[in-house]
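Asks: So that we are looking at the same thing, I have put the structure below in structure tokens.
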Amino acid sequence: MNKLCSLSQAISRNIEDGMSVATGCGLESLIPFAAGYEIIRQKKRDLTLIAPISDIQLDQIIGAGCARKIVAAWVGNVAAGLAHNFRRAMEDGIPRPLEVEEHSNFTIGLALQAAAMGLPFLPTKTARGSDFSRADHFQPLPCPFTNQELLAVRAVKPDVAILHVQRADVEGNAHLWGNLGVTVEAARAARKVVLTCEEIVDHEVILSDPNRTLIQGFLVSSVVHVPFGSHPSPTQGFARRDDDFYFDYHKESRNREGFERWLERWVLGVKDHQEFLKRLGEERVRRLKPEGNLFSPSASFNL
């Protein structure tokens, strides 16, 4: 089944107000920023955002007033530190108050893995003794074999996971590599998956390397061709990290007025991802592409 559609169609078809959305699951890589901008353009509201780190994407969606709740390990700007919109929302309720379910990077991974396995929770030794382990989504649990005290991490099952990958076919079978974070766990945990990808390839290309086919088409609802769709985060083999974009965002979002100017310039003032890339400029896009190739050795799958 051909699941290829535009980014606008993918967001409008799969994300409704009030849904929970997993994004930024590759930690500092493969963050689907283009999809996040489309969420903002379509004025989605009351979303629960689920992510380990997400870099500045959560901050942008929070600042646009789209989020009601955050389920995350960290909301910030890896290049520059603070997430100014997140801080304003937590301290002053601007643009709206936020509910937060706090995790570590490891426990959010466990929560997604539990949902992927169809389990209500997974146990861990980590996070015991921390302040956030006192929250309701963690519960002490004696080991049935040793009686050692463990911590049960409640499953997190997103309504939708938005994931950026290197390549996919039109059915949603995807190759991905590099630093994946909890991308695969999120794909298997979510009720629906939207894939944004650097390139669309024939199914035979996917079949040629089954070990990289980490997301299968039966999990995927929509496939979107979005080259540079993770900018400013990197996508291994396709795009480097744009540190200047992160630094500029940090400076411009320091106050509410500055963020609104930034939002108008980069999101609301452009129609779609193609216009965003034009505003970014051909020379900047060219500089962010990796030079040359660093191929892995070939592998034969003959029997």
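Counting in the working numbering, the sequence shown runs from 139 upward without gaps. Heads up, the beta-carbon is just placed ideally off N, CA and C, and yes, glycines get one too. Small disclaimer: the values here were computed from a predicted structure and weren't measured.
#1: Output the distance between the C-alpha atoms of Asn393 and Asp184, rounded to the nearest integer angstrom.
#2: Just mark Ala205 as buried or exposed, buried being the case when its beta carbon has 16 or more other beta carbons within 10 Å.
#3: Beta-carbon separation of Leu220 and Ala227 under 9 Å?
#4: Per DSSP, Glu287 forms a beta bridge with which residues?
#5: On a CA-only basis, which of Met157, Ile178, Gly164 is nearest Val408? Give me that one, please.
#6: Give the straight-line distance between the Cα atoms of Leu415 and Trp400, rounded to the nearest whole angstrom.
#7: Given 8 Å as the limit, tell me if Lys141 has its C-beta closer than that to any heavy atom belonging to the ligand GDP.
#8: Exposed or buried, Thr284, counting other C-beta atoms within 10 Å across all chains shown (16 or more means buried)?
#9: So, are the CB atoms of Gln109 and Gly174 less than 9 Å apart?
#10: One question on the structure: do Lys295 and Ala253 come within less than 9 Å of each other, judged by their Cβ atoms?
#11: Would you mind listing the alpha helix (DSSP H) stretches within the region 220–255 that are 4+ residues and don't spill past its ends, in chain order?
#12: Are at least three pairs of beta-carbons, each pair with one atom in the region 306–323 and one in the region 340–357, less than 8 Å apart?
#13: Give me the Cβ distance between Cys335 and Val298, rounded to the nearest whole Å; I'm assuming they're in contact under 8 Å.
#14: Near Ile191, what residues of its chain come up, given a Cβ to Cβ distance below 6 Å and the 5 sequence neighbours on each side ignored?
#15: Quick one: Cα of Thr373 to Cα of Pro282, how far?
#16: Within 10 angstroms of the Cβ of Leu314, are there 16 or more other Cβ atoms? Answer buried if so, exposed if not.
Replies: This is what the structure holds:
#1: Residue 393 sits at position 255 when you count from the first residue of the sequence shown. Residue 184 sits at position 46 when you count from the first residue of the sequence shown. The alpha-carbon atoms of Asn393 and Asp184 are separated by roughly 23 Å.
#2: Stepping through the sequence shown from its first residue, residue 205 is reached at position 67. With 16 or more other Cβ atoms within 10 Å, it is buried.
#3: By one-based count along the sequence shown, residue 220 stands at place 82. By one-based count along the sequence shown, residue 227 stands at place 89. No, they are not a contact pair.
#4: Reading the sequence shown from its first residue, position 149 is the one you call residue 287. DSSP output for Glu287 lists Pro280 as bridge partner(s).
#5: Within the sequence shown, residue 408 is the residue found at index 270, counting from 1. The option with the nearest alpha carbon to Val408 is Ile178.
#6: On the sequence shown, position 277 is the one that residue 415 refers to. On the sequence shown, position 262 is the one that residue 400 refers to. So the two alpha carbons sit approximately 15 Å from each other.
#7: Absence of the ligand GDP is noted for the structure shown, with no ligands found whatsoever.
#8: In the sequence shown, counting from the first residue as 1, residue 284 sits at position 146. Burial check for Thr284: the Cβ neighbour count within 10 Å stays below 16, so the residue is exposed.
#9: The question about residue 109 has no answer here: the residues shown for the chain are numbered 139 through 441.
#10: Taking the sequence shown and counting its residues from 1, one reaches residue 295 at position 157. Taking the sequence shown and counting its residues from 1, one reaches residue 253 at position 115. In contact: Lys295 and Ala253 (Cβ atoms closer than 9 Å).
#11: 222–230, 243–254
#12: Verdict: yes, contact present.
#13: On the sequence shown, position 197 is the one that residue 335 refers to. On the sequence shown, position 160 is the one that residue 298 refers to. That belief does not hold up - the Cβ atoms of Cys335 and Val298 are roughly 16 Å apart, past 8 Å.
#14: Indexing the sequence shown from 1 puts residue 191 at position 53. Same-chain partners within the cutoff: Leu165, Trp212.
#15: What you label residue 373 is simply residue 235 of the sequence shown in a count that begins at 1. What you label residue 282 is simply residue 144 of the sequence shown in a count that begins at 1. Computed Cα separation, rounded: 43 Å.
#16: Residue numbering aside, residue 314 sits at position 176 when the sequence shown is read from its first letter. Around the CB of Leu314, 16 or more other CB atoms lie within 10 Å, so the residue is classed as buried.
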